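Remarks on the structure that follows.
Chains as they are written, first to last, in UniProt numbering: chain G, 1 to 329; chain W, 1 to 329.
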């Protein structure tokens, strides 16, 4: 009796492609479908045995680790990851890492045990060295973990430049950037590089504050602004915030403390997630990341890595960003 | 050689409890832990065989089906479902049903094949009859699917009463309620009952509009308001919206069309999800559901059903709501 592997070999496609044709998944070309069906007929293959052999081979489940799925940016990202996965016959196992390194590790263990076929890593807690030794499919969002681990993210450097140049063009003379922690090797740190270089090129005073990674909530940001950012506000006239919720918290702080935005202080955010698009007052000036495309590419590329069994053909991808003008500048 | 089942029987606990002790999961009492360890010693059980027998028995994975995880309400609900599941040693498989009945069905099939141990159903597409025949752990959010399928939700009827009485107490004489589709047997429809009965008791003119289930986005709601709600706005002075994003879309529509809120039109929403709590202008008057507790109970109860193998001890639960006063009334 022949196996699904024989069918795949005969049709010159992957085992998963055969499985998908048998399960009537979408996104299979008519040509591929016919090729698989021809091989099934030629070899007299009985798909009853398919499920078992496939489940031995891989789980068709992708682990997705993000800091917090209730944050509007990640909520939207997960939606597009899941939709693309589903369209390709995969399901996602969702993990909010919050501040717990153990949760990240438990997912890596699932990957090692082949209980998940691959991992999309959007969290930032474990030291990068930990990942170097794992020769299984991992893709990251906005973080460099090693040469064999591709990442997908937005063009953070250009985003930082665009935001900063816009503040300068709007008349700012002394700027502050509030970034994530630089100890984590996230691609998002390049926003700070773009900020710094633009300030230097324009001969503008600047400061950079790093907030340490904790909960990504409005209340947390507001508290941070009150304790750490507010003493600096009298010295500056423009702030580039590393995300929109932070920018909104700063706007609200200013409104509550009679600091006029944009007259006295100009604010630019980053993300343009669903929350920012919904928000009508104020419309925050921000850098828009293409969140649906990032989610789609994370899914498509991890699936390619899972199915090819190789990482060679999957490259890191950096997606363009654009400035969206609101009323905070 | 004895099995994990023998240990469970000897210690008078479930197989999963034994597995958790062996895997060092949190939330096991010291007493239970010791009882299990004693039985392991007494029976000379070697946990090497545990993983295999456990995986045969159940997957420790809960399927979670919701309409759209990027909607702020569901984003927050999923976060609390996942956190509680994780604390009890379970992982969640996330599905955005969007408008696709096939996705709901595919999860039910996973449940039948024991690829997931239980399902939390927060989506509303498939006819309830479909569920009656499945004798496996299912719990729903805000929907009655049958006597053996418990649901967790907020006290929708009281929520509807509170919202409506508040509009009347604020001086409204002619009210509109925009509800979800009544064809779906959701508990949320009781908001309409609460609305209706309060209007009747107070001898107030009222109308109810049902919007058909589609995408839960601001843009969709705005379009719906433009085409369907706006012709009625001249006849009414208060609206009870079935969710906050809808209430916000109505507020924005009014602002864009010179309808003064709350002077000419008063608006009450429902949910008090993260978006509403973040939103500073306007602070929407709304009915607050205890989303973290709902998420926690959904997880805890489905896990109890999975581990007991019985549904008898799990009852539907309706959680209290409260009015949060904003500036839209």
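Just so you know, even glycine gets a beta-carbon here, dropped at the ideal spot from N, CA and C.
These numbers were taken from a predicted model, which means no experiment stands behind them.
* Should residue 315 of chain G be labelled buried (16 or more other beta-carbon atoms within 10 Å of its own) or exposed? -> Burial call: exposed.
* **Under 9 Å from the C-beta of residue 83 of chain W: neighbouring residues of chain G** => 96, 98
* Asked: In chain G, which residues lie less than 8 Å from residue 239 of chain W when you measure between Cβ atoms?
  -> The contacting residues do not exist; residue 239 of chain W stays about 18 Å from chain G at best.
* **Limits of the unbroken beta strand (DSSP E) element including residue 95 of chain G** => 91-96
* **Test: residue 183 of chain G CB closer than 7 Å to a CB of chain W** => no
* Report the option in G:165, G:119, G:285, G:252 whose CA atom is closest to the CA atom of residue 306 of chain G. => G:119
* Closer than 8 Å at the beta carbon, the chain W residues around residue 78 of chain G -> 69, 70, 94
* To do: Enumerate in chain order the residues of its own chain whose CB-to-CB distance from residue 209 of chain G is below 8 Å, with the five nearest sequence positions on each side excluded.
  => 176, 177, 178, 179, 228, 229, 232
* Asked: Assuming residue 270 of chain G contacts residue 225 of chain G under a Cβ cut-off of 8 Å, what Cβ separation, rounded to an integer in Å, is found between them?
  -> At roughly 16 Å, the Cβ-Cβ gap does not stay under 8 Å, so residue 270 of chain G and residue 225 of chain G are not in contact.
* Which residues bound the alpha helix (DSSP H) around residue 255 of chain W? -> That run of the alpha helix (DSSP H) goes 244-256.
* Asked: Whose C-beta lies closer than 7 Å to the C-beta of residue 142 of chain G among residues of the same chain, with five residues either side of it excluded?
  -> 151, 153, 186, 187, 188
* To do: Would you give the residue range spanned by the alpha helix (DSSP H) that residue 332 of chain G belongs to?
  => Residue 332 of chain G lies beyond the residue range present for chain G, which begins at 1 and ends at 329; the question has no answer from this structure.
* **C-beta neighbour in chain W for residue 91 of chain G, strict 7 Å** => yes
* Residues of chain G with CB under 9 Å from residue 103 of chain W, in chain order? -> 86
* To do: Could you list which residues in chain W have their beta carbon closer than 9 Å to that of residue 22 of chain G, in chain order?
  => Going along chain W, no residue has its Cβ under 9 Å from residue 22 of chain G, so there is no contact; the nearest lies around 15 Å.
* To do: Could you spell out where the beta strand (DSSP E) holding residue 63 of chain G opens and where it closes?
  => 61-66 is the extent of the beta strand (DSSP E) around residue 63 of chain G.
* Asked: Does any C-beta atom of chain W lie closer than 7 Å to the C-beta of residue 218 of chain G?
  -> yes
* To do: Could you spell out the range, first to last residue, of the beta strand (DSSP E) harbouring residue 271 of chain G?
  => Here the beta strand (DSSP E) through residue 271 of chain G covers 266-271.
* To do: Kindly indicate which three-state DSSP category residue 199 of chain G falls into: helix, strand or coil?
  => helix
* To do: With a threshold of 16 other CB atoms inside 10 Å of the CB of residue 71 of chain G, please say whether the residue is buried or exposed.
  => buried
* Hey, is residue 116 of chain G's beta-carbon within less than 7 Å of any beta-carbon in chain W? -> no
* To do: Could you tell me which chain G residues have their CB closer than 7 Å to the CB of residue 132 of chain W, listed as they occur along the chain?
  => Within chain G, no residue comes near residue 132 of chain W; the closest Cβ sits about 25 Å away, beyond 7 Å.
* Asked: Nearest to residue 191 of chain G by CA position, among G:171, G:136, G:205, G:165, is which residue?
  -> G:165
* To do: Identify every residue that forms a DSSP beta bridge with residue 285 of chain W.
  => W:268
* Which residues in the same chain as residue 300 of chain G place their Cβ atom closer than 7 Å to its Cβ, once the five residues preceding and following it in sequence are excluded? -> For residue 300 of chain G, where only same-chain residues beyond five positions count, the Cβ hits under 7 Å are 84.
* To do: Give a yes or no on whether the C-beta atoms belonging to residue 10 of chain W and residue 43 of chain W are separated by under 7 Å.
  => Contact flag set, yes.
* **Whole-number beta carbon distance between residue 173 of chain W and residue 134 of chain W, since they are thought to touch under 8 Å** => Actually they do not touch by this definition, with Cβ atoms about 48 Å apart.
* Would you call the CB atoms of residue 326 of chain W and residue 264 of chain W closer than 7 Å? -> No, Cβ-Cβ distance for residue 326 of chain W and residue 264 of chain W is not below 7 Å.
* Within-7 Å CB hit, residue 252 of chain W to chain G -> By this cut-off, residue 252 of chain W is an interface position.
* Cβ separation of residue 97 of chain G and residue 149 of chain G, assumed to be a contact under 8 Å, to the nearest whole Å -> Between residue 149 of chain G and residue 97 of chain G the Cβ distance is about 17 Å, and since that is not below 8 Å, they are no contact.
* **Beta bridge counterpart(s) of residue 240 of chain W as assigned by DSSP** => W:177, W:268
* Report yes or no: is there a C-beta of chain W within less than 7 Å of the C-beta of residue 53 of chain G? => Low per-residue confidence applies at residue 53 of chain G: pLDDT is 34, beneath 50, and the placement is therefore not dependable, though the value from the model is reported in the following sentence. No, no contact with chain W.
* Mind checking whether residue 257 of chain W and residue 281 of chain G have CB atoms under 7 Å apart? -> no
* Asked: Which of helix, strand or coil does DSSP assign to residue 322 of chain W?
  -> strand
* First and last residue of the beta strand (DSSP E) that includes residue 207 of chain W? -> 205-210
* Mind checking residue 330 of chain G: buried by the 16 CB within 10 Å criterion, or exposed? -> A question about residue 330 of chain G goes unanswered here, because the residues of chain G that appear run from 1 up to 329.
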